[in-house]
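Worksheet: the structure to be examined is printed underneath.
Protein chains: 2
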Amino acid sequence: MRIAIDAMGGDNAPDEIIAGALESVELLAQDDQLTLVGPENVIAPKLPPASSRKCNVAVVDAPEVIAMDEPPIDSLRKKPKSSIPVIAKLAKRGLADAVISAGNTGACVAAFQMRMRNLPGVVRPGIAVVFPTSEGPVTICDVGANIACKPVNLYQYATMARIYSKNVLGIHNPRVGLMSIGQEDAKGNEVVKKTRELIKSDPNINFVGNIEGRDIFRGVCDVAVSEGFVGNVILKLTEGVVDGLFKAIKDELVQEKPQLSEEFKPVIRRIYRKYDYNEYGGAPLLGVNGTALICHGASRSRTIRNAILAAKKYYTNKINDKIIEYLAKTSVRTACEQVTQ
Amino acid sequence: MRIAIDAMGGDNAPDEIIAGALESVELLAQDDQLTLVGPENVIAPKLPPASSRKCNVAVVDAPEVIAMDEPPIDSLRKKPKSSIPVIAKLAKRGLADAVISAGNTGACVAAFQMRMRNLPGVVRPGIAVVFPTSEGPVTICDVGANIACKPVNLYQYATMARIYSKNVLGIHNPRVGLMSIGQEDAKGNEVVKKTRELIKSDPNINFVGNIEGRDIFRGVCDVAVSEGFVGNVILKLTEGVVDGLFKAIKDELVQEKPQLSEEFKPVIRRIYRKYDYNEYGGAPLLGVNGTALICHGASRSRTIRNAILAAKKYYTNKINDKIIEYLAKTSVRTACEQVTQ
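Quick note, the sequences are listed as chains W and B, same order.
For what it's worth, the numbering used here labels the leading residue of the first sequence as 1, then goes sequentially.
For what it's worth, the numbering used here labels the leading residue of the second sequence as 1, then goes sequentially.
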């Protein structure tokens with residue numbers, strides 16, 4: 001399998017990205033190939049001699065760099081030789097089976113959609129993020145690829161994220177919830193209400209109905225379907241609450257009894273490890289014609305290593321074939337066509 | 001001042017509501033009057049003899065009860081003699097200066113809007129919730145009154161929540177942020193982008209630009225303007241993350257060293273107290289022609305007591321007069337009219 005990695009993506013690029021790629025080599029097969037994409041004069045000198053590596057690590061030159069806060073579409077137009085459009089082109093030309101980036105999310109979504117195109121039957125791709133919770137992993141789709149969601153998009157996110165949860169996370173019959181503002185049928189805006197009917201009409205989906213913000217951490221569902229704007233707020237808010245709360249705990253502990261603060265450290269570390277998004281590596285852009293993973297901007301080598309392994313699992317488990325097959329079912333196709341007309 | 005309280009609202013009604021009302025009596029003036037609204041045969045026997053009370057506590061009979069999960073509009077139609085429509089009518093008839101309920105939020109919003117009507121100039125009311133954070137209180141508006149927000153609604157939420165933050169929370173020149181999915185100007189959906197221009201055009205607003213989910217807890221702003229659906233998810237998600245994290249900490253502590261868990265308890269208690277939404281009592285429905293506070297369904301006596309005090313502060317600080325005055329300014333009126341046409 002050939003995996004192209006954006007070596008310049010994220011706050012810790014290129015060092016952590018390269019380190020993650022090299023770490024993953026030990027866990028890959030001999031015929032797997034990694035391609036690090038970025039300015040060759042920066043990347044190449046950081047690689048160890050070829051003989052020391054089990055699988056191939058190549059460099060593809062991409063001399064330009066897109067910053068994390070550049071306007072996505074603009075940056076792609078102005079910097080066609082930067083790592084994000086270059087990995088997208090590698091996928092398009094069949095030179096990469098998977099692409100991974102921790103760079104500018106908007107630029108990734110735009111480039112991957114534009115170059116790789118959608119899987120047959122998919123109206124719009126969505127980003128699926130796995131939230132580690134004490135009740136198990138919850139896959140949330142979408143978290144920001146599509147901020148003008150229609151019912152057909154949300155329904156397709158339900159079907160795709162369900163396939164992902166089942167085949168990558170190993171959850172037998174994933175329970176699917178629809179993010180709304182109340183559990184009752186009548187709650188939610190028009191898009192939510194129409195989506196609800198659509199999901200309910202699909203007997204293959206183990207639908208638990210509307211869910212609320214708090215339900216994500218309560219073991220109510222394995223898949224949470226969400227409009228992209230809302231999903232993005234959920235993602236970032238959760239980070240903010242966790243950081244804020246740990247800070248508050250630390251401040252209180254120091255005040256209460258500094259020694260207690262020391263004793264508490266391993267507990268915090270264990271919690272961080274257990275509920276660490278780095279564990280899942282990256283978030284797949286479900287629905288593009290290829291394997292594309294987008295990682296957190298703060299990714300460390302471990303995140304990248306895990307993203308590479310996740311990409312391999314996604315690819316070898318033929319997630320995209322399963323999505324195509326599902327969306328091609330007569331009943332599913334008819335339902336989608338009815339709401340897009 | 002005359003305050004009407006829904007004695008049957010919330011999971012702990014009527015006992016905690018009545019207890020909260022009685023607790024507040026000690027802190028109110030002698031000429032203040034509380035009216036508990038609910039089935040008289042249930043409420044009256046729970047009150048102490050009149051002579052023991054500093055201010056007046058009356059009961060108004062409302063024999064029907066709206067459950068927490070009933071469809072709002074339906075329930076108001078079917079149960080006109082329940083506490084929520086009855087307190088709304090008391091306000092409408094000028095028999096109550098403020099109304100408070102911990103009951104069905106949707107029914108409260110519908111009844112208060114329908115009976116009390118909007119303040120002159122207000123297009124749609126919004127619920128403002130105060131989040132206690134380690135960086136100070138952040139007022140988020142709207143959290144669910146309006147799930148089909150237009151730019152004019154969001155702009156008015158910015159102006160109203162700013163007046164609230166300044167005059168009730170005592171924040172000198174509140175920094176206003178607009179909830180979006182990225183801090184850059186270009187980020188967000190169409191409603192957010194138009195709202196941004198509208199807020200920017202108002203030189204009286206100390207606008208800090210777009211904010212992301214994580215920023216609420218980072219001391220970036222004092223007021224967060226949000227579409228109602230998103231605000232509602234934020235509210236409930238935060239609850240879920242906090243509960244989930246404390247549960248995780250508890251589980252880890254018990255595993256690590258049970259004694260540590262005991263030592264940690266006062267720290268948790270202090271954090272809960274410090275970041276406790278009960279402290280702020282209730283969330284005002286900004287923009288209705290009256291003082292209306294909606295409390296959490298899980299409200300305890302302390303919440304209700306604090307909501308009563310918050311209602312008094314809202315009323316005596318003439319928040320509504322300040323809102324009317326602000327929205328009547330030529331520049332503000334023109335801006336609102338331009339986007340509503």
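No residue lacks a Cβ here, since even glycine has one placed at the ideal position from N, Cα and C.
Neighbouring residues, chain W, relative to Lys247/B (Cβ below 7 Å): Here the question's residue 247/B lines up with position 247 in the second sequence. Ser134, listed in chain order.
Once the 5 residues before and after Ser201/B are set aside, which same chain residues still bring their CB inside 7 Å of it? Translated into positions along the second sequence, residue 201/B becomes position 201. Answer for Ser201/B: Ala335, listed in chain order.
When the Cα of Lys194/B is compared with those of Asp222/B, Lys150/B, Thr139/B, Asn206/B, which residue comes out closest? Against the second sequence, residue 194/B aligns to sequence position 194. Looking at the Cα atoms, Lys150/B is the closest of the given residues.
Which residues in the same chain as Asn173/W place their Cβ atom closer than 7 Å to its Cβ, once the five residues preceding and following it in sequence are excluded? Here residue 173/W is taken as the residue at index 173 of the first sequence, counted from 1. Same-chain partners within the cutoff: Asn206.
Within a Cβ cutoff of 6 Å, which residues of the same chain sit near Gly106/W, ignoring the five residues on either side of it in sequence? To locate residue 106/W, count along the first sequence from 1; it is residue 106. For Gly106/W, where only same-chain residues beyond five positions count, the Cβ hits under 6 Å are Pro72.
Could you give the DSSP three-state label for Ser226/W: helix, strand or coil? Taking the first sequence and counting its residues from 1, one reaches residue 226/W at position 226. Coil.
Are Gly20/B and Arg305/B touching if we call contact CB-CB under 9 Å? On the second sequence, residue 20/B is found 20 positions in, with the first residue counted as 1. On the second sequence, residue 305/B is found 305 positions in, with the first residue counted as 1. Yes; because the gap between Cβ atoms is below 9 Å, this pair is in contact.
Taking only beta-carbon atoms, is Tyr342/W less than 9 Å away from chain B? Only positions 1 to 341 of chain W appear in the structure, and residue 342/W is not among them; the question remains open.
Amino acids of chain W, ordered along the chain, whose beta-carbon sits closer than 9 Å to that of Val138/B: By one-based count along the second sequence, residue 138/B stands at place 138. Under the 9 Å cutoff, chain W gives no residues; its nearest Cβ is about 11 Å from Val138/B.
When you compare the CB positions of Tyr157/W and Ile319/W, do they come within less than 9 Å of one another, or not? Translated into positions along the first sequence, residue 157/W becomes position 157. Translated into positions along the first sequence, residue 319/W becomes position 319. No.
8 Å contact criterion, which Ala110/B and Ile127/B should meet: CB distance rounded: Along the second sequence, read from residue 1 onward, the residue named residue 110/B stands at position 110. Along the second sequence, read from residue 1 onward, the residue named residue 127/B stands at position 127. Wrong, their Cβ atoms sit about 12 Å apart, outside the cutoff.
Do Gln183/W and Glu227/W come within 9 Å of each other at the CB atom, strictly closer than that value? Position 227 of the first sequence, counted from the start, is the residue given in the question as residue 227/W. Position 183 of the first sequence, counted from the start, is the residue given in the question as residue 183/W. No, Cβ-Cβ distance for Glu227/W and Gln183/W is not below 9 Å.
Please specify which runs of the alpha helix (DSSP H), each continuous and at least 4 residues long, are wholly inside the region 51-88 of chain B, giving them in chain order. Contiguous alpha helix (DSSP H) elements confined to the region 51-88 of chain B occur at 72-78, taking only those with 4 or more residues.
On the DSSP letters alone, give me the boundaries of the beta strand (DSSP E) that Gly290/B sits inside. Here residue 290/B refers to the residue found at position 290 of the second sequence. Taken as a continuous stretch (DSSP letters only), Gly290/B belongs to no beta strand (DSSP E), as it is neither H nor E.
Given Ala44/W, which residues of its chain have a CB within under 7 Å of its CB, disregarding the five upstream and five downstream residues? Taking the first residue of the first sequence as 1, we reach residue 44/W at position 44. Within the same chain, Ala44/W has close Cβ partners Val59.
Under the rule that 16 or more other beta-carbon atoms within 10 Å means buried, what is Val344/B, buried or exposed? Chain B is shown only over 1 to 341; residue 344/B falls outside these bounds and no answer can be derived.
Cβ shell of Val57/W (< 6 Å), same chain only, five flanking positions each side left out: The residue labelled residue 57/W in the question sits at position 57 within the first sequence. The residues are Leu34.
Quick one, which of Lys265/W, Gly103/W, Pro39/W has its alpha-carbon nearest Glu70/W's? Position 70 of the first sequence, counted from the first residue, corresponds to residue 70/W. For Glu70/W, the nearest C-alpha among the options comes from Gly103/W.
Take Val42/W as the anchor and find which of Leu95/W, Pro266/W, Asp15/W, Phe112/W has the nearest alpha-carbon. Taking the first sequence and counting its residues from 1, one reaches residue 42/W at position 42. Comparing Cα-Cα distances from Val42/W to each of Leu95/W, Pro266/W, Asp15/W, Phe112/W, the minimum goes to Asp15/W.
Does Gln113/B get closer than 9 Å to chain W when you measure Cβ to Cβ? Taking the first residue of the second sequence as position 1, residue 113/B is located at position 113. No, no contact with chain W.
What residues in the region 196-219 of chain W bring their beta carbon closer than 8 Å to a beta carbon of chain B? For the region 196-219 of chain W, which is checked against every Cβ of chain B, the residues closer than 8 Å are Glu212, Gly213, Arg214, Asp215, Ile216, Phe217, Arg218.
Using a beta-carbon distance cut-off of less than 9 Å, what residues from the region 268-302 of chain B approach chain W? Ile268, Arg270, Ile271, Lys274, Tyr275
Can you check DSSP and say which residues form a bridge with Gln33/B? Against the second sequence, residue 33/B aligns to sequence position 33. Gln33/B is bridged to Arg2/B, Asn56/B.
In angstroms, rounded to a whole number, what distance separates the CA positions of Ser180/W and Asn118/B? The residue given as residue 180/W occupies position 180 in the first sequence. The residue given as residue 118/B occupies position 118 in the second sequence. Using only the alpha carbons, I get a separation of about 27 Å.
Interface residues of chain W facing Lys236/B [CB-CB closer than 7 Å]: The residue you call residue 236/B lines up with position 236 of the second sequence. Chain W residues near Lys236/B: Glu212, Gly213, Arg214.
From which residue to which residue does the alpha helix (DSSP H) around Ala98/B run? Here residue 98/B refers to the residue found at position 98 when the second sequence is read from its first residue. Premise fails: Ala98/B lies in the beta strand (DSSP E), 98-101, not in any alpha helix (DSSP H).
Within 7 Å of chain B by C-beta, residues of the region 25-38 of chain W in sequence order: Listed in sequence order: no entries.
Assumed close pair Gly177/W, Val143/W - CB separation to whole angstroms, cut-off 8 Å: For the purposes of this step, residue 177/W is identified with residue 177 of the first sequence, where counting begins at 1. For the purposes of this step, residue 143/W is identified with residue 143 of the first sequence, where counting begins at 1. Going by Cβ atoms, the distance from Gly177/W to Val143/W rounds to 15 Å, so no, they are not a contact pair.
Taking 9 Å as the CB-CB cut-off, is Glu190/W touching chain B? If you number the first sequence from 1, residue 190/W lands on position 190. Yes, contact with chain B.
For the alpha helix (DSSP H) containing Ile308/B, list its first residue and its last residue. Here residue 308/B refers to the residue found at position 308 of the second sequence. Note, Ile308/B: alpha helix (DSSP H), 301-316.
To the nearest angstrom, how far is it from the Cα of Glu23/B to the Cα of Arg93/B? Working through the second sequence from its first residue, we reach residue 23/B at position 23. Working through the second sequence from its first residue, we reach residue 93/B at position 93. Approximately 27 Å between the Cα atoms of the pair.
Count the C-beta pairs between the region 259-278 of chain W and the region 290-305 of chain W that are closer than 8 Å, then say yes if the count reaches three, no if not. Touching, per the Cβ criterion.
Who pairs with Ala283/W in a beta bridge, going by DSSP? Residue mapping note: residue 283/W aligns to position 283 of the first sequence, counting from 1. Bridge pairing for Ala283/W: Ile294/W [DSSP].
Hey, how far is the Cα of Ser331/W from the Cα of Lys236/W? To locate residue 331/W, count along the first sequence from 1; it is residue 331. To locate residue 236/W, count along the first sequence from 1; it is residue 236. So the alpha carbons of these two residues sit roughly 36 Å apart.
Ignore the nearest five residues each way along the sequence and tell me which others in Pro137/W's own chain have a CB closer than 6 Å to its CB. For the purposes of this step, residue 137/W is taken as residue 137 along the first sequence, with counting starting at 1. Excluding sequence neighbours, Pro137/W sits near Val130, Leu169.
So, at 6 Å on beta carbons, what are the nonlocal neighbours of Lys166/W in its own chain, with the 5 sequence-adjacent residues on each side left out? Position 166 of the first sequence, counted from the start, is the residue given in the question as residue 166/W. The beta carbon of Lys166/W lies closer than 6 Å to those of Pro174 in the same chain, with the five residues before and after it left out.
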